[in-house]
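A short write-up of the structure that comes next.
In UniProt numbering, the protein residues as written are 1 to 147.
What follows is the structure in structure tokens.
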């Protein structure tokens, strides 16, 4: 990378930061933001993951957050293929981030292509226990008659 290119990247990044901190009347246009981001991506100053249609992108940390949010929204259990459709990111990228989530959080497991957290397992166990409590008296009285 030439020195002039690096200086341009630094200048664009500084302009971007100043614009974000300034009042709304002095903000950068969408076109300028896209230009700055494109330059930063080209110079590998930021890492992004492109959407399936290639029109949008997210950072790896944003993808991590979106997967965690979807896990919560779906009650602690979400299929990775469904995530691909919901988030619009390639399945291999979702699988990579899902594996990272599992490594970083012991309460989350990856089972047969589904992320499952402990809250979901607790909920299922509670439902099973309630069903057993309802069926127990009739099961025991018919299986082991007292009289």
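The beta carbon of each residue, even a glycine, is placed where N, CA and C say it ideally should be. Quick caveat: nothing in here was measured; it's all calculated off a predicted structure.
Which one or two residues does DSSP pair with residue i in a beta bridge?
i	result
residue 110	115
residue 49	58
residue 77	116
Identify whether residue i lies in helix, strand or coil by the three-state DSSP scheme.
i	result
residue 41	helix
residue 28	coil
Can you tell which of the options has its C-alpha closest to the C-alpha of residue i?
i	options	result
residue 105	93, 21, 86, 119	119
residue 33	55, 19, 54, 52	19
residue 101	13, 134, 128, 60	60
residue 17	88, 93, 36	36
residue 80	95, 74, 69, 11	95
residue 89	130, 5, 51	51
residue 39	11, 49, 21, 127	11
residue 85	72, 103, 66	66
residue 93	49, 6, 29, 9	49
residue 72	124, 115, 58	115
By the DSSP assignment, the alpha helix (DSSP H) with residue i in it spans what residues?
i	result
residue 82	80-87
residue 95	91-104
Please classify residue i as buried or exposed, where buried requires at least 16 neighbouring CB atoms within 10 angstroms.
i	result
residue 117	buried
residue 87	buried
residue 78	buried
residue 76	buried
residue 112	exposed
residue 108	buried
residue 63	buried
residue 98	buried
residue 132	exposed
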